[in-house]
Amino acid sequence: MLRLLWLAALWLGLACARSSTGDSVLVVIDPSLQNDYSIFLGGLRDRGYQLTFRAPKDEAPVIIADGYPTFSHVVVFPGETRNFAKDLTPQALVELLQGGTNLILALSNKQTPLFSLAGEFSMILPPPGTPLVSYFPEREDPVTVVPIPLSAPASPIVPVPLDGPVWFSGIPHLPGNNPLLVPVLRAPVESFAADTTEADALVDAAEKGGEGLWAGNQLAVVSAFQATSGARVMWVGGMEMFSDTFAKRPGAANKRFVQDLAAWTFQETGVYRIDSSTHHLVNETEERETYTINDNVEYVLHVSEFDPAIGEWKPCSSIQDMQFEFTMLDPHIRTALRPVPGVPGEYAVTFRVPDRHGVFKFVVNYKRKGYTHLLTDTTVPVVPPRHNQYPRFLSAAWPYYAGAISTSLAFVVFSAMWLGGEEPRKKKTE
Numbered sequence: 001m002l003r004l005l006w007l008a009a010l011w012l013g014l015a016c017a018r019s020s021t022g023d024s025v026l027v028v029i030d031p032s033l034q035n036d037y038s039i040f041l042g043g044l045r046d047r048g049y050q051l052t053f054r055a056p057k058d059e060a061p062v063i064i065a066d067g068y069p070t071f072s073h074v075v076v077f078p079g080e081t082r083n084f085a086k087d088l089t090p091q092a093l094v095e096l097l098q099g100g101t102n103l104i105l106a107l108s109n110k111q112t113p114l115f116s117l118a119g120e121f122s123m124i125l126p127p128p129g130t131p132l133v134s135y136f137p138e139r140e141d142p143v144t145v146v147p148i149p150l151s152a153p154a155s156p157i158v159p160v161p162l163d164g165p166v167w168f169s170g171i172p173h174l175p176g177n178n179p180l181l182v183p184v185l186r187a188p189v190e191s192f193a194a195d196t197t198e199a200d201a202l203v204d205a206a207e208k209g210g211e212g213l214w215a216g217n218q219l220a221v222v223s224a225f226q227a228t229s230g231a232r233v234m235w236v237g238g239m240e241m242f243s244d245t246f247a248k249r250p251g252a253a254n255k256r257f258v259q260d261l262a263a264w265t266f267q268e269t270g271v272y273r274i275d276s277s278t279h280h281l282v283n284e285t286e287e288r289e290t291y292t293i294n295d296n297v298e299y300v301l302h303v304s305e306f307d308p309a310i311g312e313w314k315p316c317s318s319i320q321d322m323q324f325e326f327t328m329l330d331p332h333i334r335t336a337l338r339p340v341p342g343v344p345g346e347y348a349v350t351f352r353v354p355d356r357h358g359v360f361k362f363v364v365n366y367k368r369k370g371y372t373h374l375l376t377d378t379t380v381p382v383v384p385p386r387h388n389q390y391p392r393f394l395s396a397a398w399p400y401y402a403g404a405i406s407t408s409l410a411f412v413v414f415s416a417m418w419l420g421g422e423e424p425r426k427k428k429t430e
């Protein structure tokens, strides 16, 4: 009985999960298409999000008021609309991203303002009207409706492997070299992008040496982007992937896949934060304004992770690859920052200050794909020892001590013999 109650409480917590940045969502979609995406939108409501709808050409409700975003998250499903309202321009969406708003952006086969915005994220798009095409496996569906298995290992974006394929219909894109862009779902190896569904298109392109051919798993259909501000963007090649039609297909994993995408984009999963960082001498607790060369210093960092099941932050000790640097222009010390056993959320490292004075920084710069970036730096000067902090005697200097002492003793003995000895008397001569 207790086990059933615990499972029910866990399910209720997951159903009422909230984002770490807010629960207000603006869905930009044509009103006539809302019923076609009821499963996805209903899933957001069930998890506690407050949805507000607006057509792509409408100007109300406003997205930015008095220079601040009015929604925590924005979902853009353009449909067949080619032109957006004035506050949905690429510049406005970039401003939203800089303000911390998370975005889900669905592309369309037609030219939309999102095409020009995609280039800013290091994404290369094929010409408009060039959908993804695949003739394998054999199926009754059109060749532009492609089943894509997710063969990638578990990640913070899709934490649990999918049981079936993800059905997709739309345009692919070629991810660039931007390190902040992460391909989530790649196109099948046998697929290609073409402006026609005729089988001869691939043959014609191959005869031209592959000129103009977009093919293979170098293409992606879903890519995630995390800005340096912490805001997240999910690029999807077609809004049909969120539709009820694909979600209800037998064996399809679209329903859970799109919910995983929304959970990551809305910062439910893979969200870290730094609570505090301290530094002090070993066996002490108070921070110092300066340190002396060769001091033994301990650096302590506290990290929390957002738990969507309870909607609260909890200590996180699961990071095993965090690094710590003690830098002055270049890192003088780089070592692993390990979790402290028995102390949840605490990471610590002990090191000796290098034998060089100057202005140093305690730096932690943790960047992993799919996780929130952790960055903290603390400036502290390192000074040479004071005149009364040097050791009085050095074992390596005993030869010099012996030489100085022997010279002094010889001088004293010589002076004593010179001053205390009898002066020889001279005989008088007649």
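If you count by UniProt numbering, then the sequence shown holds residues 1 to 430, one letter each, in order.
Yeah, the Cβ is synthetic: ideal placement off N, Cα and C, and Gly gets one too.
task: Taking V27 and L41 to be in contact with their CB atoms under 8 Å, please state how far apart those CB atoms are, rounded to whole angstroms.
output: Sure, about 7 Å apart at Cβ, within 8 Å.
query: If we count the other Cβ atoms within 10 Å of its Cβ and call it buried at 16 or more, is G421 buried or exposed?
result: The C-beta of G421 has fewer than 16 other C-beta atoms within 10 Å across all chains shown, which makes the residue exposed.
- request: Output the boundary residues of the alpha helix (DSSP H) element that contains E95.
  value: In this chain, the alpha helix (DSSP H) harbouring E95 covers P90 to Q98.
- request: Would you decide whether residue 450 is buried or exposed? Buried here means 16 or more other CB atoms lie within 10 Å of its CB.
  value: Residue 450 lies beyond the stretch modelled for the chain, which goes from 1 to 430, so this question has no answer here.
Through-space distance from P78 to M322, alpha-carbon basis: Roughly 40 Å separates the two Cα atoms.
- prompt: Can you give the beta carbon distance from V75 to V25, rounded, assuming they're within the 8 Å contact cut?
  reply: So it is a contact: roughly 6 Å between Cβ atoms.
field: Buried versus exposed call for W235 [16 or more other C-beta atoms within 10 Å across all chains shown]
entry: Counting Cβ neighbours within 10 Å, W235 comes out buried, since at least 16 surround it.
message: Taking 8 Å as the threshold (C-beta atoms), are P385 and T292 in contact?
response: A contact, by the Cβ cut-off of 8 Å.
message: For the ligand GDP, is there any heavy atom lying closer than 7 Å to the beta carbon of V300?
response: No copy of the ligand GDP appears in this structure; indeed no ligand is present at all.
field: Close beta carbons around A118, own chain, < 6 Å, minus the five adjacent residues each side
entry: Taken in chain order, the residues that qualify are L125.
- prompt: To the nearest whole angstrom, what separates the beta carbons of L114 and L103, a pair I think is in contact under 8 Å?
  reply: Between L103 and L114 the Cβ distance is about 10 Å, and since that is not below 8 Å, they are no contact.
message: For A402 and W418, what's the separation of their Cα atoms in angstroms?
response: Computed Cα separation, rounded: 24 Å.
- request: For M123, name the three-state secondary structure that DSSP assigns.
  value: If DSSP states are grouped into helix, strand and coil, M123 belongs with the strands.
message: Less than 8 Å between the C-beta atoms of G43 and D23, yes or no?
response: No. Outside cutoff.
- request: Please state whether DSSP places K361 in a helix, a strand or coil.
  value: Looking at K361 - three-state DSSP - the assignment turns out to be strand.
message: For D58 and A85, I'd like the C-alpha separation in whole angstroms.
response: So the alpha carbons of these two residues sit roughly 6 Å apart.
- prompt: What residue does the alpha helix (DSSP H) around T245 start on, and which one ends it?
  reply: Taken as a continuous stretch (DSSP letters only), the alpha helix (DSSP H) holding T245 covers D244 to A247.
message: Run through the DSSP bridge pairs and tell me what P175 is partnered with.
response: Partner(s): M123.
query: Rounded to a whole number of angstroms, what is the C-alpha to C-alpha distance between L97 and R232?
result: Each residue's alpha carbon lies about 8 Å from the other.
- request: Just tell me which of L301, I29 and P344 has its CA closest to the CA of Y366.
  value: A check of alpha carbon separations from Y366 across L301, I29 and P344 identifies L301 as the nearest.
field: Burial state of G209, where buried means 16 or more other Cβ atoms lie within 10 Å
entry: Summary for G209: the model assigns pLDDT 49, below 50, so the residue's position carries little reliability, and this model does not support an answer.
- prompt: According to DSSP, is F411 helix, strand or coil?
  reply: Looking at F411 - three-state DSSP - the assignment turns out to be helix.
field: Unbroken beta strand (DSSP E) run spanning S223, endpoints
entry: Element bounds for S223: A220 to Q226.
message: If distances are taken between C-alpha atoms only, which option among H173, T228, D87 and L375 comes closest to F324?
response: Closest by alpha carbon: L375.
- request: Flag this pair as yes or no: are the beta carbons of H332 and P315 separated by less than 8 Å?
  value: With respect to P315, H332 sits apart: the two C-beta atoms are not nearer than 8 Å.
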